[in-house]
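Each step along the sequence shown adds one to the number in this note's numbering, with nothing skipped, and position 96 is 96.
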Amino acid sequence: MMTQEVTSRGMQLQALCDGVRKYVGTRNYEKCVTMISEAMGKFPNAPEPHNLLGIVMEKEGDHAGAMKHFRAAYALDPTYIPARQNLELYGTFYSCGKCAFDESDCPEESPSPYDIEYDEKGIGHAVRREKK
1 MMTQEVTSRG MQLQALCDGV RKYVGTRNYE KCVTMISEAM GKFPNAPEPH NLLGIVMEKE
61 GDHAGAMKHF RAAYALDPTY IPARQNLELY GTFYSCGKCA FDESDCPEES PSPYDIEYDE
121 KGIGHAVRRE KK
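Shown next, in the form of structure tokens:
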């Protein structure tokens, strides 16, 4: 029963992302805000609505408000990559690239060139991987 709820929640949040993407494309920001507000009430701990509201606010020219919502999304779930990408994108003077509505808009991160090796005292050290 619990996995059904999680799956339903994920599907509803993905539908929200898809809907907001569509309405942002047509500049129907009022409809976006209505959809996002309903989702915030239904899923108060989800980062997606805050991330999406940040995108809408940025498109409307409210940069400070947008950054607050990107930070809220990141605070709710630090593993939610779209919020981090939008913070990096819009947190610079010269933003380039496209905003991230969901994970499909995020490039895959390349693996780190470092490994962590622990010594006999349990202290971790970053060691550069050998090139293959």
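Glycine included, every Cβ here is placed at the ideal spot set by N, Cα and C.
Supposed contact pair residue 86 and residue 36 - C-beta distance, whole angstroms, cut 8 Å: The residue you call residue 36 lines up with position 36 of the sequence shown. The residue you call residue 86 lines up with position 86 of the sequence shown. In fact, because the Cβ distance is near 14 Å, the residues do not count as touching under 8 Å.
So, with DSSP's three-state summary, where would you put residue 74? Within the sequence shown, the letter at position 74 stands for residue 74. Three-state result, residue 74: helix.
Looking only at its own chain, which residues have a Cβ that is under 7 Å from the Cβ of residue 57, when we skip the five neighbours before and after it? The count along the sequence shown starts at 1 and reaches residue 57 at position 57. The answer, listed in chain order, is 65, 66, 69.
Reduced DSSP secondary structure (H/G/I, E/B, other) of residue 117: Taking the first residue of the sequence shown as 1, we reach residue 117 at position 117. It is a strand residue.
Unbroken alpha helix (DSSP H) run spanning residue 41, endpoints: For the purposes of this step, residue 41 is identified with residue 41 of the sequence shown, where counting begins at 1. It spans 29-42 - the alpha helix (DSSP H) in which residue 41 sits, taken as one unbroken run.
Distance between residue 97 and residue 60 (C-alpha atoms, nearest Å): Counted from its first residue, the sequence shown places residue 60 at position 60. Counted from its first residue, the sequence shown places residue 97 at position 97. Roughly 18 Å separates the two Cα atoms.
Which residue wins for smallest C-alpha separation from residue 19, given the options 39, 130, 7? Your numbering for residue 19 matches position 19 in the sequence shown. Of 39, 130, 7, the residue nearest in Cα terms is 39.
In the DSSP assignment, the beta strand (DSSP E) including residue 128 goes from what residue to what residue? Looking up residue 128 in the sequence shown gives position 128. Its beta strand (DSSP E) spans residues 124-128.
Please determine, among 14, 23, 27, 44, the residue with the shortest C-alpha to C-alpha distance to residue 75. In the sequence shown, the residue the question calls residue 75 occupies position 75. The candidate whose alpha carbon is nearest that of residue 75 is 44.
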